[in-house]
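Enquirer:
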Amino acid sequence: MLAPGNSCVWNLTPAPRGVWAGTSVYPALPRMEATEILESSSSVMQAFFANQSCDPFTPRSTPCELGNYVSYSVKATGAADIQAAVNFARTNKVRLVVRNTGHDIDFIPWSDAYFTGTAMKIGAGVMGYQAAQAADAAGVVAVTGECPTVGLAGFTMGAGHSSLSSSFGLGADQVLSYEVVTANGRLVTASPTENSDLFWALSGGGPGTFGVVVSVTVKTHPQAKIGGASIQLAAAYTTQDKFDQALAAMHALLPGMTDLGAHVIYTATNQVLQLNPVTVYDSTGEYLNTTVLAPFTTKLTELGIPFQAKYTTLSFLSHYDTYMGPLPNGNMAVEAYQFGSRLIPRAILSDATTNAALQTTLQNLTSHGVILAGSAASYRAPPGTAPNAVLPQWRAAAVQLQLITRWDSSPEAWPAMLADQERITREIVPQVEAVTPGGGTYVNEADFRQPGWQEAFFGGNYERLVGIKKKWDSSGLFYALRGVGSEAWTVAGDGRMCRA
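One point on numbering: in numbering that gives the first Met the number 0, the residue at position 146 of the sequence shown is 145, and numbering is uninterrupted.
What follows is the structure in structure tokens.
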């Protein structure tokens, strides 16, 4: 602990993620099952952020040190526990990190100027698959992330793109109200009419920055059939030039697909292109086959490229499980990759010249091992959406494009992995930025070392967000790397923070 007035705060940064029985740190602990690891307050998706000090993917004989993993955690079962933890951290100048899981879900009737219907009140730690299952049981659907284990609170506060975004907007567009523990330990409500500045900031201004969200109340929508599809093709069955033409054609056609209500997830290397899934709310697989995807499949036929296609008509939960599952964990091994990203403006794809420049860049990147993962939708705010702090560039974006390199957890690969991180920051993302003027970056899926992050993540909202941060957290208790106001701090290798 530090004396009051000291310019630094210590990092009280529980058992390391994935520590198995028999390791040198906790030999007496019983074996941890996968669900326990996932729900542990120490669990993180990427061991790098704990300096690989106790990596679950290394042999059991590898020495295991606490390193940057948290030393203490609070098992909060209600708002009072959160308030006590916040007050303790503030009084003792202890660095506070918010992580959560939870299962509290309730459905309530709602009527105000922004929404009339059934709302869902969820505990901040509820994950996407839990919300989707609860909504299905209640006869409605909710906007959740594509990855089933994404927590709804952080998803929402970062903006949150979804397979339902073309129909209902971003996650932040769904919010009706928050319950928040603020830096002074008070539990407050934030809504469009109560503490509206805090509501605005929380809805898109980034997680972990303005307070500890205890619950969030969001819109739900009527259940309807979901048209689904997947398409796969490979360069091995055509020429590289024709494969590249197919990738370029798909990008050019994406705005038209999303105008027809589609959300398209795609992945691409220089050898394989996969659209999986394509999702249209209140639709059928036949509609995707004959209308939404017909221009693209026609182009593939013209190019003589064979492809595999599947079309389905399912409930939303079944669609979610079929394409993003199996639930609960899903099929996205995020711990095996590292990321940069860019929001691609619709105007770039709609213009032949600018799309050609983008495709040249993407082909160059994939030829050097970069993996593309896109999420295409209409990200416009639906009519009647309460004002929020969503990065304005989202509204003109056609694609949230991830730029991915692989992560090898073996100790001997550490130097190469750090070099790839440098390559993402210095080479890969800047190449895409250069051919996508007017774009921005999705804070939840960004390079954690993103240069010019204030503009990239928050755009014209940043100065207002800083003002709200100073009002609600004048001492800077809540810190997130590249979060609003984080430039006021420096962080040492041991996690200790000092005023910049």
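Quick reminder that beta carbons are idealized off the backbone N, C-alpha and C, glycines included.
Answer with buried or exposed for LYS74, where buried requires no fewer than 16 other C-beta atoms within 10 angstroms of its C-beta.
Expert: Exposed.
Enquirer: Classify PRO254 as helix, strand or coil using the three-state DSSP reduction.
Expert: Reduced to three states, the DSSP call for PRO254 is helix.
Enquirer: Is it right to say MET496 is buried, meaning 16 or more other beta carbons lie within 10 angstroms of its own, or is it exposed?
Expert: Buried.
Enquirer: Could you say which of LEU252, ALA112, ALA223 and SER317 lies nearest to PHE295 if we only look at CA atoms?
Expert: Residue LEU252 is the option with its Cα nearest to PHE295.
Enquirer: In angstroms with no decimal places, state the Cα-to-Cα distance between GLN132 and PHE167.
Expert: So the two alpha carbons sit approximately 18 Å from each other.
Enquirer: From this set, ILE467, GLU486, ALA499 and VAL490, which residue's C-alpha is nearest TRP199's C-alpha?
Expert: Out of ILE467, GLU486, ALA499 and VAL490, ILE467 has the C-alpha closest to the C-alpha of TRP199.
Enquirer: What are the complete beta strand (DSSP E) segments, minimum 3 residues, inside the stretch 345-411?
Expert: Entirely contained in the stretch 345-411, the beta strand (DSSP E) runs reaching 3 residues are, in chain order, 370-375 and 396-405.
Enquirer: Can you give me the C-alpha to C-alpha distance between ILE107 and THR117, rounded to a whole angstrom?
Expert: Their Cα atoms are separated by approximately 6 Å.
Enquirer: Go to LYS470, then tell me how far its alpha helix (DSSP H) extends in each direction, as first and last residue.
Expert: From DSSP, the alpha helix (DSSP H) with LYS470 extends over 461-471.
Enquirer: Assuming VAL140 contacts LEU175 under a Cβ cut-off of 8 Å, what Cβ separation, rounded to an integer in Å, is found between them?
Expert: Not confirmed; about 16 Å, so no contact.
Enquirer: Determine the direct distance from the alpha carbon of GLY438 to that of ILE343, and round the result to whole angstroms.
Expert: One C-alpha to the other measures close to 6 Å.
Enquirer: With a CB to CB cut of under 7 Å and the five nearest residues on each side skipped, what residues in its chain are close to VAL465?
Expert: Cβ neighbours of VAL465 beyond the five flanking positions: VAL483 and GLY484.
Enquirer: So CYS146 and MET331 are in contact, right, with Cβ under 8 Å, and what is the actual spacing, rounded?
Expert: Rounded, the Cβ-Cβ distance is 5 Å, consistent with contact.
Enquirer: Please classify GLN337 as buried or exposed, where buried requires at least 16 neighbouring CB atoms within 10 angstroms.
Expert: Result: buried.
Enquirer: Once you ignore the five residues that flank ILE104 on each side, which residues in its own chain have a CB closer than 8 Å to its CB?
Expert: Hits under 8 Å: MET119, LYS120, ILE121, GLY122, VAL125, GLN129, ALA130 and ALA133.
Enquirer: So, with DSSP's three-state summary, where would you put THR290?
Expert: Three-state result, THR290: helix.
Enquirer: Exposed or buried, what is ASN387 when buried is set at 16 or more other beta-carbons lying within 10 Å of its beta-carbon?
Expert: Buried, because 16 or more other Cβ atoms sit within 10 Å of the Cβ of ASN387.
Enquirer: Would you be able to state if there are at least three C-beta pairs under 8 Å between the stretch 360-377 and the stretch 294-314?
Expert: As far as the Cβ criterion goes, the stretch 294-314 does not touch the stretch 360-377, which means the pair count is below three.
Enquirer: Starting from the Cα of GLY77, find the closest Cα among GLU178, PHE47 and SER165 and give me that residue.
Expert: For GLY77, the nearest C-alpha among the options comes from GLU178.
Enquirer: Taking GLN399 as the reference, give the member of THR359, ALA445 and THR384 with the closest Cα.
Expert: For GLN399, the nearest C-alpha among the options comes from ALA445.
Enquirer: Go to PRO108, then tell me how far its alpha helix (DSSP H) extends in each direction, as first and last residue.
Expert: Not the alpha helix (DSSP H): PRO108 falls in the beta strand (DSSP E), residues 104-110.
Enquirer: Return helix, strand or coil for ASN275, following the three-state DSSP convention.
Expert: Here ASN275 sits in strand by DSSP.
Enquirer: Which two residues bound the contiguous beta strand (DSSP E) that contains GLU178?
Expert: Start and end: 174-180.
Enquirer: Look up ILE427 in the DSSP assignment and say whether it is helix, strand or coil.
Expert: Note: ILE427 maps to helix in three-state DSSP.
Enquirer: Could you spell out where the beta strand (DSSP E) holding THR311 opens and where it closes?
Expert: Taken as a continuous stretch (DSSP letters only), the beta strand (DSSP E) holding THR311 covers 307-313.
Enquirer: Strictly by DSSP, which residues pair up with VAL140?
Expert: HIS220.
Enquirer: Between which two residues does the alpha helix (DSSP H) carrying LEU151 extend?
Expert: It spans 151-156 - the alpha helix (DSSP H) in which LEU151 sits, taken as one unbroken run.
Enquirer: Using a Cβ-Cβ cutoff of less than 6 Å, which residues in the same chain neighbour VAL442 once the five nearest sequence positions on both sides are dropped?
Expert: Contacts found: GLY157, GLY205 and PHE456.
Enquirer: Please state if the CB of GLY138 and the CB of PHE154 are separated by a distance shorter than 8 Å.
Expert: The answer is no: Cβ separation not under 8 Å.
Enquirer: Can PRO254 and LEU348 be called in contact, C-beta distance under 8 Å?
Expert: Yes, Cβ-Cβ distance for PRO254 and LEU348 is below 8 Å.
Enquirer: Assuming GLN82 is part of the alpha helix (DSSP H), what are its boundary residues?
Expert: Segment 78-91, the alpha helix (DSSP H) holding GLN82.
Enquirer: Whole-angstrom Cβ separation of VAL279 and VAL271, contact assumed at under 8 Å?
Expert: Rounded, the Cβ-Cβ distance is 24 Å, inconsistent with contact.
Enquirer: On a Cα-Cα basis, can you pick out the residue from ARG345, ASN354 and GLN401 that is closest to SER377?
Expert: Measuring from the Cα of SER377, the nearest candidate turns out to be ARG345.
Enquirer: Could you check the C-alpha separation between GLY66 and PHE48 for me, to the nearest Å?
Expert: One C-alpha to the other measures close to 10 Å.
Enquirer: For the alpha helix (DSSP H) holding GLN420, just list the boundary residues, first then last.
Expert: That run of the alpha helix (DSSP H) goes 413-422.
Enquirer: According to the Cβ coordinates, are GLY210 and ALA248 closer than 8 Å?
Expert: No, the pair does not count as a contact, with Cβ atoms beyond the cut-off.
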